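Quick note on our numbering: the sequence shown kicks off at 1 and runs consecutively.
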Amino acid sequence: MSQQLVAEQYKTSDNLDARAQLHARFSRSTIPWHRWIFDHIDPHILAHGRVLALGCGPGGLWQQNRDRVPADARLVLTDFSPGMMASARTQLVDLPCAPLFAVVDAQAIPFVSTHFDAVTAHHMLYHVPDRAKALREIRRVLAPRGTFYASTVGEDHMREMWELVEPFAPGAIASARQVTQGFTLENGAAQLAPLFDEVQVHRYEDSLIVPEAAPLIAYVRSSLTMLAHSALTAESLAAFSEEVERRIATDGPLRITKASGLFIAR
Ligand SMILES: C[S@@+](CC[C@H](N)C(=O)[O-])C[C@H]1O[C@@H](n2cnc3c(N)ncnc32)[C@H](O)[C@@H]1O
Numbered sequence: 001m002s003q004q005l006v007a008e009q010y011k012t013s014d015n016l017d018a019r020a021q022l023h024a025r026f027s028r029s030t031i032p033w034h035r036w037i038f039d040h041i042d043p044h045i046l047a048h049g050r051v052l053a054l055g056c057g058p059g060g061l062w063q064q065n066r067d068r069v070p071a072d073a074r075l076v077l078t079d080f081s082p083g084m085m086a087s088a089r090t091q092l093v094d095l096p097c098a099p100l101f102a103v104v105d106a107q108a109i110p111f112v113s114t115h116f117d118a119v120t121a122h123h124m125l126y127h128v129p130d131r132a133k134a135l136r137e138i139r140r141v142l143a144p145r146g147t148f149y150a151s152t153v154g155e156d157h158m159r160e161m162w163e164l165v166e167p168f169a170p171g172a173i174a175s176a177r178q179v180t181q182g183f184t185l186e187n188g189a190a191q192l193a194p195l196f197d198e199v200q201v202h203r204y205e206d207s208l209i210v211p212e213a214a215p216l217i218a219y220v221r222s223s224l225t226m227l228a229h230s231a232l233t234a235e236s237l238a239a240f241s242e243e244v245e246r247r248i249a250t251d252g253p254l255r256i257t258k259a260s261g262l263f264i265a266r
């Protein structure tokens, strides 16, 4: 996926918000995703260290854990999309601490070496064209005993949803997989291993039970600019929407696999 398409997809937080809505409303896990991620962040680092968030989007992680952010936390929240940074500033206006916000490309991090005790890169490394460069940059700005947190998806993520799309947009399954295949739960550890002494992977146990068509259709629509070869046309999108409505009416709520998790590298 080209950097231009990534920029187009994340010009504002609208597309990401549509996808987050589906997960927030219909996930079966009793622990919401962002709360689960935060459970894995070392509280000592948050209280006493410097933290850099790369590709933080509109800042959902910090917003949904505002009760757990120390007042004197030293956070630098960044994203390469100015629109995302604008949303983050608005959403996080009453965070207990005063983060620094900056537009930053993960491939060229404008901070001195060994400055941070933790770096986060959640659901974003698969979008970075020169990922090896970004990982070297992350290692450079981390203190020698620093920790890197990177969440991502696995190969089966949202499998049944793309299977439903496929007849209306042949190639959709392969195209959706292509978006995230650069850094997945399956291949991420091998990319981190050359740079870190220890790499752990934690899987988030969850799935979706979707009883309404509209939020699922909104999710698919939000992803269309990322699909290289199989964008739905207006007609096929209408036919797909009808099929989703019909399936739910006849078979009941749709069950959709989720595969997501977190790498912790030290
Ligand atoms: C799927 S969103 C994830 C947002 C947030 N981390 C989360 O987990 O909710 C991917 C984010 O990565 C950002 N991004 C993509 N490529 C980037 C790059 N090279 N450097 C920094 N941010 C990037 C996008 O603008 C977008 O906000």
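Idealized CB from N, CA, C, for every residue including glycine. In this text the structure is predicted, and so the values were computed from the model without any measurement.
Those residues which DSSP pairs with residue i across a bridge
i: Tyr204; result: Ser260
i: Leu216; result: In DSSP, Leu216 forms no bridge with anything.
i: Thr120; result: Ala53 and Tyr149
i: Ile209; result: Arg255
i: Ala265; result: Phe148 and Val199
i: Leu142; result: Phe116
Alpha-carbon to alpha-carbon, residue j and residue i
i: Asp117; j: Tyr126; result: 23 Å
i: Ser223; j: Val128; result: 17 Å
i: Asp17; j: Asp197; result: 35 Å
i: Val103; j: Thr12; result: 14 Å
i: Asp251; j: Ala150; result: 37 Å
i: Ala231; j: Asp72; result: 46 Å
i: Ala239; j: Thr90; result: 38 Å
i: Lys133; j: Thr120; result: 16 Å
i: Trp162; j: Met85; result: 30 Å
i: Ile31; j: Gln21; result: 15 Å
i: Pro70; j: Leu227; result: 40 Å
Proximity to residue i [Cα-Cα], best of the options
i: His34; options: Val51, Gln63 and His115; result: Gln63
i: Arg131; options: Phe183, Arg74, Glu155 and Asp206; result: Phe183
i: Thr180; options: His122, Ile31 and Ala86; result: His122
i: Ser87; options: Val76, Cys56 and Ala176; result: Cys56
i: Ser27; options: Ile41, Glu242 and Asp206; result: Asp206
Other residues of its chain near residue i: CB distance less than 8 Å, five sequence neighbours each side excluded
i: Val112; result: Val141
Residues near residue i in its chain [Cβ-Cβ closer than 7 Å; skip 5 each side]
i: Pro110; result: Val104
Cut-off 6 Å between Cβ atoms - residues of its own chain near residue i, not counting five sequence neighbours on either side
i: Glu166; result: Ala172 and Ile173
i: Ser260; result: Val153 and Tyr204
To test your reading of the DSSP string, which unbroken alpha helix (DSSP H) runs of 4 or more residues are found completely within the stretch 28-106? 33-39, 43-48, 60-63 and 82-91
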